[in-house]
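Trainee: Under UniProt numbering, the sequence shown is numbered contiguously, ending at residue 129.
Glycine residues also receive a C-beta, built at the ideal position from the N, C-alpha and C atoms.
Got a structure here, written out as structure tokens. Questions coming.
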Amino acid sequence: MSSPVSSEQSTGSALDPTVASLLKRDDAGLVAAVVQAHDTREVLMVGWMDDEALHRTLTTGRSWFWSRSRGEYWRKGDTSGAVQRVRTVSLDCDGDAVLVTVDQAGGACHTGDRTCFDARPLLAEATAP
1 MSSPVSSEQS TGSALDPTVA SLLKRDDAGL VAAVVQAHDT REVLMVGWMD DEALHRTLTT
61 GRSWFWSRSR GEYWRKGDTS GAVQRVRTVS LDCDGDAVLV TVDQAGGACH TGDRTCFDAR
121 PLLAEATAP
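As structure tokens, this is what we get:
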């Protein structure tokens, strides 16, 4: 499996160095990208971004991710039609995750469901002790 390409090695423009300096990447050079519906604030999915995927997301207005299983970049909706139009991108306080709010067309999950988090709750509703 190949590793993500750093923005310096890519053929596209590099991620803004100021933004890049704020990121705390894992050993594979990735940060978690939590995707949330802009209108409902529902969490839709989690993907992984390196500098280049984040750069593409920031500059194209579409969600780009690094596929750890396929070892390649992918833009959400190119094969499924479930396009994500990016509204905002925010960095968390630790710099190891980004929150991407989107206008979602169709289901965000590869199963076709609107969200990847609605099928198997581990705790349906907590009750106060």
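Please report the straight-line C-alpha distance between residue 156 and D39, rounded to a whole angstrom.
Mentor: With the chain represented from 1 up to 129, any question about residue 156 goes unanswered, as that position is not in the structure.
Trainee: So L30 and M49 are in contact, right, with Cβ under 8 angstroms, and what is the actual spacing, rounded?
Mentor: Your numbering for residue 30 matches position 30 in the sequence shown. Your numbering for residue 49 matches position 49 in the sequence shown. Sure, about 7 angstroms apart at Cβ, within 8 angstroms.
Trainee: By the three-class DSSP mapping on this structure, what secondary structure does S69 have?
Mentor: Position 69 of the sequence shown, counted from the start, is the residue given in the question as residue 69. Three-state result, S69: coil.
Trainee: Tell me whether R120 is buried or exposed, calling it buried when 16 or more other Cβ atoms sit within 10 Å of its Cβ.
Mentor: As a first step, residue 120 must be located in the sequence shown, where it is residue number 120. Label assigned to R120: exposed.
Trainee: From the DSSP output, in three-state form, read off V100 for me.
Mentor: As a first step, residue 100 is located in the sequence shown; it is residue number 100 there, counting from the start. Three-state result, V100: strand.
Trainee: By DSSP's criteria, G47 is part of a beta bridge. Which residues make up the other side?
Mentor: Taking the first residue of the sequence shown as position 1, residue 47 is located at position 47. The partner list for G47 (beta bridge, DSSP) reads A33.
Trainee: State the start and end residues of the unbroken alpha helix (DSSP H) segment that holds residue 187.
Mentor: In this structure the chain extends from 1 to 129, so residue 187 is not present and cannot be described.
Trainee: Spatial neighbours of D26 within its chain, please: CB distance less than 8 angstroms, with the 5 preceding and 5 following residues excluded, ordered by chain position.
Mentor: Residue mapping note: residue 26 aligns to position 26 of the sequence shown, counting from 1. Same-chain partners within the cutoff: D96.
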